Structure formats: structure tokens, C-alpha cells
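All the letters of the sequence shown, read from the start, carry residue numbers 14 to 245 under our numbering.
Structure record follows, encoded as C-alpha cells.
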Amino acid sequence: MQTMATEIARILMRIQKHFAPTVHVLVPQMLFAYMVSSVAREVSSPSEVNKALFRNGVWSGTIAMTRMAKPEDLSALWPRRFDPGKLAGFVKVFGEGAWYIFAGHLPRLNAKPVADGVLWITIEEGEGKEAFYSIEVPEGVNVFYFLAGAYEGATQTAFRMLGEEERWISMWRPLPGGRGIHGFYALREIGAERIVEAAINADRDFFSTVSWEDSSRFAEELLGVKFPALSR
Numbered sequence: 014m015q016t017m018a019t020e021i022a023r024i025l026m027r028i029q030k031h032f033a034p035t036v037h038v039l040v041p042q043m044l045f046a047y048m049v050s051s052v053a054r055e056v057s058s059p060s061e062v063n064k065a066l067f068r069n070g071v072w073s074g075t076i077a078m079t080r081m082a083k084p085e086d087l088s089a090l091w092p093r094r095f096d097p098g099k100l101a102g103f104v105k106v107f108g109e110g111a112w113y114i115f116a117g118h119l120p121r122l123n124a125k126p127v128a129d130g131v132l133w134i135t136i137e138e139g140e141g142k143e144a145f146y147s148i149e150v151p152e153g154v155n156v157f158y159f160l161a162g163a164y165e166g167a168t169q170t171a172f173r174m175l176g177e178e179e180r181w182i183s184m185w186r187p188l189p190g191g192r193g194i195h196g197f198y199a200l201r202e203i204g205a206e207r208i209v210e211a212a213i214n215a216d217r218d219f220f221s222t223v224s225w226e227d228s229s230r231f232a233e234e235l236l237g238v239k240f241p242a243l244s245r
């Protein structure tokens, strides 16, 4: 059985063939800065800019996952039941691998169960590391909304590739006051309200800018995936 490090190395070597021309950080930074400035010109408030960045991230993450991994690679590590240890291993391979490919460094990743059927994941960038998202932005704009959206889109796409999109749900948001993102893998069967409760217990402002309904709408528009509705 291959070690996790071997799995990461194998995936990274395969992806490198597609992304080697854009490894230097300057060109991705320029393109990302242009995208952020374009969004900022189109909407009226930092909150709406952040929401638009998140939506763009969902789309980008979806495309990236279809290029990054094959279904057989995902299946080799994916547990078919809620097993926090094995889920954390899955997140480590693909979560750290994606960050390394696009940001150029390995992040600090932590995963732990916070409720029955909910795994909470935190991904923090390495200190002093330059990345494509390291740009100047208007006050109130948070570039990590783009990264959170990218991880949300990538994860939901992975679930679809695994044939698990009707069993699992994943949402991501920026870390409060920090440089990184956090989010969850959750079993749909426990119910939307319990998932929301677990997320708010971990971060009371998790849904303050991008709501559950926003994530649901973006998933349906961009991925064709429907999230369960919250009861009112």
C-alpha cells in the first residue's frame, strides 16, 4: 500500500505537466489582480465583491479538480463511511496537493470531527510565503473568498466524480482574522440544520457573507448539484 507522501508526489508530478508554464508567481498574480479589480468595478460593496470572488472560485475549483484527479485516484483514498481518520487522509492528499500546485507551498492542515457526521478542516498558508493571491485589494475585500469558493467547487466536484454527491456536502469560507480557509465535509443524512449548527459552533460568522443559500445557488448553477434547503 502506497504511503500518503507517495500519493501526493504521484499526483503532483502528473499535474506538473499541465501547469509548469505558469509556475512563476508573477503571471498568476497579475491575472488574479485583474480579475479582482474587474469584479470590484462591477459591484458596489466589499461584501458583494467577496461573494462574487467566491462564485468565481467555485467555478475555478470545479475546472481544476477535473484536471487534477482521475476518479480512480479519488476512489483509492475515499472511505465509504464516516471515518474521520480516513477522511482526514483524503483531505490531506488532495487539499494539501491543490494548495501546493496553485500557491507554491504546502499549507498547515488540521482536520477533526466536530459532530457526528461532520469533519471540520482548517487550512492555513505558510508564513511569509508568496502566492498568486498575494495582492493589494480594496479595504474590506478578502481574497480568501476566492480560495474558499475554489475548495468548495473542487470538493463538490470530487464528490460527483466519486458518485457521492447525494450523500456528502462540503462548504468552505475564509478563516476569521487569519490567512487561510476552513470548512467541512458532512453527511447529508444528518440534516441541513445540524450541519449549519456545527458550522456556526466552529465559526459564528461562517455564513455571514456567503450564506447557505448562496452556496446552494452557486452549486446548482455551476455544478448542477442541489443542496438540501434549510427549514424555516
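For every residue, glycine included, the Cβ atom is placed at its ideal position computed from N, Cα and C.
None of these values were measured; they are calculated from a predicted model.
Check: Residue environment, glutamate 233, which counts as buried when at least 16 other CB atoms sit within 10 Å; Outcome: exposed
Check: Reduced DSSP secondary structure (H/G/I, E/B, other) of glutamate 202; Outcome: helix
Check: Boundaries (first-last residue) of the alpha helix (DSSP H) holding proline 120; Outcome: Careful: proline 120 lies outside any alpha helix (DSSP H) and carries neither H nor E.
Check: Glutamate 109, enclosing alpha helix (DSSP H) - first and last residue; Outcome: Glutamate 109 -> no alpha helix (DSSP H), and no H or E assigned at all.
Check: C-alpha distance - serine 60 paired with asparagine 155, whole-angstrom precision; Outcome: 9 Å
Check: Residue(s) in a DSSP beta bridge with glutamate 138; Outcome: Partner(s): none; glutamate 138 has no beta bridge.
Check: Local conformation of arginine 4 per DSSP, three classes; Outcome: The structure shown has nothing for residue 4, since the chain only spans 14 to 245.
Check: Test item: CB-CB of tryptophan 181 and leucine 200 under 8 Å; Outcome: yes
Check: Three-state class that DSSP yields for leucine 44 in the structure shown; Outcome: helix
Check: Rounded C-alpha distance that separates glutamine 169 from serine 50; Outcome: 27 Å
Check: Under the three-state DSSP convention, the category glycine 153 falls into; Outcome: coil
Check: Under the three-state DSSP convention, the category alanine 161 falls into; Outcome: helix
Check: Rounded C-alpha distance that separates glutamate 140 from glutamate 109; Outcome: 15 Å
Check: Buried/exposed call for isoleucine 194, threshold 16 Cβ in 10 Å; Outcome: buried
Check: Within 8 Å, strictly: CB atoms of glycine 204 and glycine 70; Outcome: no
Check: Distance CB(glutamate 137)-CB(proline 120) smaller than 8 Å; Outcome: yes
Check: Residues of its chain near valine 131, where Cβ-Cβ distance is below 6 Å and the 5 sequence neighbours each way are ignored; Outcome: Phe197, Ala199 and Ala211
Check: Boundaries (first-last residue) of the alpha helix (DSSP H) holding arginine 230; Outcome: 225-236
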